[in-house]
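Its first residue numbered 0, the sequence shown is counted upward by one per residue in numbering that gives the first Met the number 0.
Every residue, glycine too, gets a C-beta built ideally from N, C-alpha and C.
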Amino acid sequence: MKTIVNALRNAHKVRAFAFTMAGIAILALSSAFASNAGAATSATFGLVRSPALSGLPNFLPKARGTVSIESLGPVEVMKVKVEGLPPNTDFDFFVIQVPLAPFGLAWYQGDIETDANGNGSRQFIGRFSIETFIVAPGIAPAPPDPFNQPGSIPDATQNPQTNPVQLYHLGLWFNNPADVVKAGGPNLITPFNGEHNAGIQILNTSQYPDTQGPLEKIQ
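If you want it as structure tokens, here you go:
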């Protein structure tokens, strides 16, 4: 009888130990999932009419936008909506170092075209977070200018050397200076489109400090 009782006690201890280990494993997995969930951050913020246009109060005074970014871990999904812009017009969207001139380094994301009501939207997938940067460890030859159109800003023949530079701001440019003039703005050419003959910047994230742009929010 004593042997049977001891065996039952041992079996009970084994089951208790097994349940304890299972509980520890569940807690460990829960902590891991919670940690991963905490890393998938998101943010929503505005695009404002460029303060550089303060001398043109009647030029697209209602221009504005909203940006939503969600981190998926390896990449971010950035959704951009704009309004108060000229209808059926093409714009170019950039990640930039600082929101206003001289803008610093810039990274072309793509185009946003407005509809008949002057509204537009686009989704971009890439690295839009505290890790967004440009780096050039050394100087190298640049590809020849594929467009070289009259009136466009020519390409550089080589890159400048630079340590990593974080890019936390966003900006939107008119694709065509003629559209700026049509809307009542200045006829200026900038390099902010694929052919390097864009118009002026209309929206940016200048409500944030130069070195603390909104992309820094995404950890």
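Bounding residues of the beta strand (DSSP E) (the contiguous stretch that carries residue i)
i, result
"residue 164", "161-165"
Any non-hydrogen atom of the ligand PLP closer than 8 Å to residue i Cβ
i, result
"residue 116", "No copy of the ligand PLP appears in this structure; indeed no ligand is present at all."
Buried/exposed call for residue i, threshold 16 Cβ in 10 Å
i, result
"residue 41", "exposed"
"residue 205", "buried"
"residue 4", "At residue 4 the pLDDT is 38, less than 50, meaning the model places this residue with poor confidence; the figure from the coordinates comes in the next sentence. Classification for residue 4: exposed."
"residue 97", "buried"
"residue 198", "buried"
"residue 143", "exposed"
"residue 146", "exposed"
"residue 71", "exposed"
"residue 53", "exposed"
"residue 124", "exposed"
"residue 57", "exposed"
Range covered by the alpha helix (DSSP H) that runs through residue i
i, result
"residue 155", "Looking at the DSSP string, residue 155 is not in any alpha helix (DSSP H), and its letter there is neither H nor E."
"residue 181", "176-181"
For residue i: DSSP bridge partner residues
i, result
"residue 42", "68"
"residue 112", "89"
"residue 130", "DSSP, once it has assigned bridges, lists no residue as partnering residue 130."
"residue 203", "47, 170"
"residue 82", "63"
"residue 120", "80"
"residue 140", "157"
"residue 212", "For residue 212, which the question treats as bridged, DSSP gives no partner whatsoever."
"residue 125", "75"
Nearest candidate by alpha-carbon position, reference residue i, set the options
i, options, result
"residue 160", "134, 171, 166, 178", "134"
"residue 66", "119, 86, 115", "119"
"residue 186", "103, 49, 150, 211", "150"
"residue 210", "80, 129, 90, 51", "129"
"residue 76", "89, 158, 121, 179", "121"
"residue 90", "158, 124, 126, 108", "108"
"residue 137", "212, 162, 215", "162"
"residue 94", "60, 62, 155, 110", "110"
"residue 101", "82, 60, 51, 83", "51"
"residue 61", "68, 73, 81, 99", "81"
"residue 115", "131, 106, 83", "83"
"residue 113", "178, 184, 212", "178"
"residue 212", "173, 131, 158", "131"
Residue i to residue j span [Cα, whole Å]
i, j, result
"residue 192", "residue 167", "19 Å"
"residue 164", "residue 218", "17 Å"
"residue 153", "residue 195", "7 Å"
"residue 139", "residue 104", "17 Å"
"residue 117", "residue 85", "5 Å"
"residue 47", "residue 200", "11 Å"
"residue 189", "residue 127", "24 Å"
"residue 171", "residue 156", "26 Å"
"residue 88", "residue 141", "31 Å"
"residue 74", "residue 44", "19 Å"
"residue 59", "residue 182", "8 Å"
"residue 99", "residue 49", "8 Å"
"residue 55", "residue 175", "19 Å"
"residue 106", "residue 207", "19 Å"
"residue 202", "residue 63", "7 Å"
"residue 180", "residue 79", "25 Å"
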